Amino acid sequence: MSKFIFQIGLLAFFVSAVVFGLQEYPLFDVILRAFIVCVGVILTSAVAVFIFAWVGDKPAPPRPIEPPAETVHAAGGAQKMSTAAGAAFTESAKTE
């Protein structure tokens, strides 16, 4: 991850060097301002990665208990099926 952050910083350095160079600043000012932009981008992205890693490290909240599944019968109505009825239905389907 640090290589990626550093590459983003270098990209910012060169892009800002071109932008500042087109504005006809002296060479020393172009390099100094581009370096300041590079350091700012690197620090900002490092802090963002740290925050995302810190937030992503927290455990997920417990999942709520889901209600029993509904089955659709041939008549088209939906009914809740108990586990005993579901087992009997599965057994009768296996024998047919």
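Just add 559 to wherever you are in the sequence shown, counting from 1, and you've got my numbering. By construction, the Cβ of each residue, glycine as well, lies at the ideal position given by its N, Cα and C atoms. Note that the structure is a prediction, hence the values are computed from the model and not measured.
Local conformation of LYS562 per DSSP, three classes = helix
Does DSSP put ALA619 in a helix, a strand or coil?
-> coil
Nearest-angstrom Cα distance between VAL600 and PRO621?
-> Spanning the alpha carbons of VAL600 and PRO621 requires a straight line of approximately 37 angstroms.
CA-to-CA distance, ILE610 to PHE573, given in whole angstroms | 27 angstroms
Are there 16 or more other CB atoms within 10 angstroms of the CB of VAL577, so buried, or fewer, so exposed?
-> It is exposed - the Cβ of VAL577 has fewer than 16 other Cβ atoms within 10 Å.
Just the Cα atoms here: how many angstroms apart are SER561 and TRP613?
-> 16 angstroms
Buried or exposed (CB count within 10 angstroms, at least 16 for buried), PHE579 | Looking at its Cβ environment, which holds 16 or more other Cβ atoms inside 10 Å, PHE579 is buried.
Thinking C-beta only, is ALA619 closer than 9 angstroms to VAL596?
-> no
Taking the alpha carbon of GLY568 as the point to measure from, which residue in ILE624, LEU581 and SER604 has its own alpha carbon closest?
-> Out of ILE624, LEU581 and SER604, SER604 has the C-alpha closest to the C-alpha of GLY568.
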